[in-house]
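In case it helps, our numbering puts the sequence shown at residues 1 to 195. Here is the structure we will look at.
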Amino acid sequence: MVDGAVTKLGGLDVMVANAGVVVGSGSLLFSTVETWDHMFSVNARGTYLCYKYAAMQMVEQGRGGRIIGASSVAGKFGLHSTCAYSATKFAVRGLTQVAALELGKHGITVNAYAPGMIQTPMTQDGIDRTNNQTTEGALGDPESTKWIMSIMENVPIKHLGQPADIASIVSYLASKEAHFITGQCISVDGGMCMS
């Protein structure tokens, strides 16, 4: 992936490690080792590999860069029934901080963003696991709305975020203006997790 970008674009200045999955039961008691391994393979190992190979290329280029990872509010505090998912997103935060410490001397910033409830297929999967089978939960179906609102009960902004909300923070972190921000995991969650 990195080699392809360098070949086509002449270098690598920004890496966004955005892949993530939630699969199977999130319960500690009922989840499987296979589910745990799969989520760690994508969410933690995948992020590690993106960070590693992007960093190697950026250091070789000698012009700095931006590395950005996808954590989650579930990586800032444990959420009920998110055992493996939370663990992977805490791992992304730790990796982000360690990478920021190591790469700062090369002019490379490393940050993560922590989405809350964002209207995406992954949120829809959560609605589906509560037996609400349509995307209307995000748009007005009473049962799905009830599930979403139970999660967002104490969130100051009472609606789902949109993918554009995530895109705006990622765009900022990738910009030259963000040169003095590193090692951070920035919540984009309507106030679900305040720090």
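Just so it is clear, CB atoms sit at the ideal spot from N, CA and C, and this is done for glycine as well.
Counted within 10 angstroms of its Cβ, other Cβ atoms place residue i as buried (16 or more) or exposed
| i | result |
| --- | --- |
| Met194 | exposed |
| Ile207 | The structure shown does not extend to residue 207, since the chain is modelled only from 1 to 195, so the question has no answer here. |
| Lys89 | buried |
| Ser31 | buried |
Separation of residue j from residue i, as counted between CA atoms
| i | j | result |
| --- | --- | --- |
| Ile186 | His80 | 21 Å |
| Tyr53 | Asp3 | 9 Å |
| Glu136 | His159 | A caution first: Glu136 carries a pLDDT of 44, below 50, which makes its placement in the model unreliable, though a value can still be read off. Distance between the alpha carbons of Glu136 and His159 is about 14 Å. |
| Ala167 | Ser150 | 26 Å |
| Gly161 | Tyr172 | 17 Å |
| Tyr85 | Val22 | 6 Å |
| Met117 | Asp165 | 11 Å |
| Ala70 | Thr47 | 8 Å |
| Ser41 | Glu34 | 10 Å |
| Glu60 | Asn154 | 46 Å |
| Val6 | Gly65 | 13 Å |
Boundaries (first-last residue) of the alpha helix (DSSP H) holding residue i
| i | result |
| --- | --- |
| Cys50 | 46 to 61 |
| Pro163 | 163 to 174 |
| Gly4 | 2 to 9 |
Beta carbon of residue i nearer than 8 Å to that of residue j
| i | j | result |
| --- | --- | --- |
| Arg93 | Gly75 | yes |
| Asp189 | Ala91 | no |
| Ile67 | Val170 | no |
| Asn43 | Gly26 | no |
Terminal residues of the beta strand (DSSP E) in which residue i lies
| i | result |
| --- | --- |
| Ala70 | 65 to 70 |
| Ala17 | 14 to 17 |
| Thr109 | 108 to 115 |
| Cys185 | 185 to 188 |
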